[in-house]
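Visitor: Take this structure first; my questions come after.
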Ligand code: AMP
Ligand code: TRP
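Numbering (our numbering), first residue to last: 6 to 332.
Listed below in structure tokens is the structure:
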């Protein structure tokens, strides 16, 4: 079985876009790959965050992933900070990275351009820590959003550099970019990605939104004046977005939905999509509450850290020998 690894940063709350674009994909992958998923809580410190908020985000995130169908019997789910080898290899990767190489990371450049103050050194060096997160486990594939592919490219460069400078140590991983078709757009401005940080409250569905409130957001989604249900993201972005959401939540192919809507209008499509979202959130939130109340999260993390540390500790010992840290 090929190995896959990904990290999720516990900042802010999760949206329907995160579910359809990422969480749902992970749930599918768990049957095909040996999966390692960790909560990148050390990465969350790159931007100042209150301890209580970080704790709550972390628990919520794990409970939502479990509620969405991630199975701890199949996936190793753990906290980055529970496996100190991440920080240990992180430093070695930082020292292997070029100053200018990190400066060229577009995400860092964009953040520099936007934020006038509060830029930490961690925000600058985190791609090196991300490389360590990945390389500790020798994964074949790393599923990430588009904005993270450059960091996986850096990871590949660092792996090759290390292997060349010392000797063959790390597998060079491949990025897997989530499919374009699964991108969910802002309900009020359907040419912009649905995003917690950038969408208006009416444009984004939070996975912990009241389900009836979420249904209303779908009902007031912006469409167009063409009046024909068709999947045409360029000319009918709003309608196409609703079709993508409905298809993702019901597993009915978009073509088949479009065929059913021959001669039927947008109001019906909104009602059906709204209902699908309502049912999905109701079910997800019931499981989420049950998981939080059961204390299962702590157990999952304890087992996950044990499994992950077995692999990571072996790798870091090898690295310490190769670079000359261990005598
Ligand atoms: P972010 O919340 O932007 O850090 O993204 C976390 C993961 O969710 C990444 O894999 C993204 O590609 C995915 N994601 C975030 N927003 C959306 C969206 N609106 N549509 C599809 N996928 C998304
Ligand atoms: N940097 C990623 C993000 O902001 C999260 C992350 C950290 C990650 N380490 C990783 C993703 C390793 C994949 C593999 O979303």
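C-beta: ideal position from N, C-alpha, C; glycine also.
Below 8 Å, how does it come out for the region 265-279 and the region 51-62: are there three or more Cβ pairs, yes or no?
Guide: no
Visitor: Please name the residue or residues paired with residue 82 in a DSSP beta bridge.
Guide: 42
Visitor: Rounded to whole angstroms, what is the Cα-Cα separation between residue 219 and residue 202?
Guide: 18 Å
Visitor: Throw me the rounded Cβ distance for the residue 18 and residue 191 pair, which I believe falls under 8 Å.
Guide: Their Cβ separation, rounded to whole angstroms, is 16 Å, which puts residue 18 and residue 191 out of contact at 8 Å.
Visitor: Straight-line CA distance for residue 226 to residue 238?
Guide: Our two residues, residue 226 and residue 238, have alpha carbons roughly 15 Å apart in a direct line.
Visitor: Taking 8 Å as the cut-off, is the CB of residue 85 close to at least one heavy atom of the ligand AMP?
Guide: no
Visitor: Hey, how far is the Cα of residue 64 from the Cα of residue 304?
Guide: When rounded, the distance between both Cα atoms is 12 Å.
Visitor: Within a Cβ cutoff of 6 Å, which residues of the same chain sit near residue 297, ignoring the five residues on either side of it in sequence?
Guide: 68
Visitor: Taking contact to mean at least 3 C-beta pairs separated by less than 8 Å, is the region 92-108 in contact with the region 70-84?
Guide: no
Visitor: Can the beta-carbon of residue 140 be found closer than 9 Å to that of residue 178?
Guide: yes
Visitor: Terminal residues of the continuous beta strand (DSSP E) containing residue 261?
Guide: No beta strand (DSSP E) contains residue 261, which is instead part of the alpha helix (DSSP H) from 259-265.
Visitor: Quick one, are the C-beta atoms of residue 181 and residue 234 less than 9 Å apart?
Guide: No, these two residues do not count as a Cβ contact at 9 Å.
Visitor: Hey, would you say the C-beta of residue 205 is under 8 Å away from at least one heavy atom of the ligand AMP?
Guide: no
Visitor: Is residue 31 near residue 313, with beta carbons less than 9 Å apart?
Guide: no
Visitor: Using C-beta distances below 7 Å, list every residue in its chain close to residue 258, excluding the 5 sequence neighbours before and after it, in chain order.
Guide: For residue 258, where only same-chain residues beyond five positions count, the Cβ hits under 7 Å are 252.
Visitor: Let me confirm a value: residue 133 is counted as buried when at least 16 other C-beta atoms fall within 10 Å, else exposed. Which label applies?
Guide: buried
Visitor: CB of residue 135 to nearest heavy atom of the ligand TRP: below 8 Å?
Guide: yes
Visitor: Is it buried or exposed for residue 269, if we count other Cβ within 10 angstroms and need 16 for buried?
Guide: Around the beta carbon of residue 269, a 10 Å sphere encloses fewer than 16 other beta carbons of the protein chains shown; the residue is thus reported as exposed.
Visitor: Return yes when at least one heavy atom of the ligand AMP lies under 8 Å from the C-beta of residue 149, else no.
Guide: yes
Visitor: For residue 98, count neighbouring Cβ atoms within 10 angstroms of its own Cβ and tell me buried if that reaches 16, exposed if not.
Guide: buried
Visitor: With distances taken Cα to Cα, identify the nearest neighbour of residue 290 among 35, 14, 66, 9.
Guide: For the residues 35, 14, 66, 9, the minimum Cα distance to residue 290 belongs to 66.
Visitor: Of the residues 207, 20, 138, 240, which one's Cα is nearest the Cα of residue 87?
Guide: Ranking 207, 20, 138, 240 by Cα distance to residue 87 puts 138 first.
Visitor: Where does residue 165 sit, in a helix, a strand or coil, going by DSSP?
Guide: Three-state result, residue 165: helix.
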